[in-house]
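Here the structure is laid out as structure tokens; the discussion comes afterwards.
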Amino acid sequence: MTTIRGRYSSGEQTRIRLVEAAERLFARRGYDGVTLADIRKAAGQHNSSVVGYYFGTKEGLLEAVFSHRLPALNSQREALLAEMLRTRESLSVRDLLWVIIRPLAGTLGRNNHYVAFLDRLSNHDRFAECFRVTGPTGTESGRRSDTALRTLLGPLPDDIAGQRLRLVYSGTVGALARCHRAGESPTTAELAALVDAWEALLLAPVSAETAHARGDVQEGFPPDR
Numbered sequence: 069m070t071t072i073r074g075r076y077s078s079g080e081q082t083r084i085r086l087v088e089a090a091e092r093l094f095a096r097r098g099y100d101g102v103t104l105a106d107i108r109k110a111a112g113q114h115n116s117s118v119v120g121y122y123f124g125t126k127e128g129l130l131e132a133v134f135s136h137r138l139p140a141l142n143s144q145r146e147a148l149l150a151e152m153l154r155t156r157e158s159l160s161v162r163d164l165l166w167v168i169i170r171p172l173a174g175t176l177g178r179n180n181h182y183v184a185f186l187d188r189l190s191n192h193d194r195f196a197e198c199f200r201v202t203g204p205t206g207t208e209s210g211r212r213s214d215t216a217l218r219t220l221l222g223p224l225p226d227d228i229a230g231q232r233l234r235l236v237y238s239g240t241v242g243a244l245a246r247c248h249r250a251g252e253s254p255t256t257a258e259l260a261a262l263v264d265a266w267e268a269l270l271l272a273p274v275s276a277e278t279a280h281a282r283g284d285v286q287e288g289f290p291p292d293r
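Counting in the working numbering, the sequence shown runs from 69 upward without gaps.
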């Protein structure tokens, strides 16, 4: 089995241990519930200045967690997109949902706490900025998928499409994080059911009630019952 020591220099080994310890503790306790000393101890480091040496600040370490995980996610999404485009003329909403969900589901494992880390950040004021920079739309493949989804949702008003996509992204992270905390991996059938739910959400027409509340319908509401 390839170890951290076998793959990286001593300095890089230390850096990765700190990043993975931070990810694990942030996932368990949240950003504000963890100190730099906690992270240093969890990584087996005794030098009190080691986090500052590698990352500068706690915020720098937070960003490093994203940088540690996102390249692999982006690569997997790119490969999935390329495979789909080889076998079909165009991508559907369902195809693009799989591009978002499958690589995230693939991160679930004992030594990877990225999804639970994202879920914890969703309850922190800092999350909105982090999500814009590094969430499902923060990689090139994620941005491509998001843009393609918005194009397919063209008949929907932009604000409603955006609201639904945010629900998809946050709901996916939440569902996968619950699996992670339970020590479970979702089955293919469970992931397909999740895609079913998000596909139905994204493709649902705007109801008469919503249109009326938005001022898009001036007459004829409520509909006859």
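All C-beta atoms in this analysis are idealised placements derived from N, C-alpha and C, irrespective of residue type, glycine included.
query, result
"Pair every Cβ in the stretch 120-129 with every Cβ in the stretch 208-228, then say whether three or more of these pairs are closer than 8 Å.", "no"
"Taking H192 as the reference, which of D100, Q231, L224, G251 has the closest Cα?", "D100"
"Which of the three DSSP states is assigned to G177 in this structure?", "strand"
"With the cut-off set at 8 Å, would you say D106 and L93 are in Cβ contact?", "yes"
"Taking the CB atoms as reference points, tell me whether E146 and S78 lie closer together than 8 Å.", "no"
"Flag this pair as touching only if the stretch 261-281 and the stretch 160-167 have three or more C-beta atom pairs under 8 Å; answer yes or no.", "yes"
"For R137, count the other beta carbons within 10 Å of its own beta carbon; 16 or more makes it buried, fewer makes it exposed. Which is it?", "buried"
"Mark L153 as exposed unless 16 or more other C-beta atoms lie within 10 angstroms of its C-beta, in which case mark it buried.", "exposed"
"Hey, could you find the ends of the alpha helix (DSSP H) V133 is sitting in?", "126-155"
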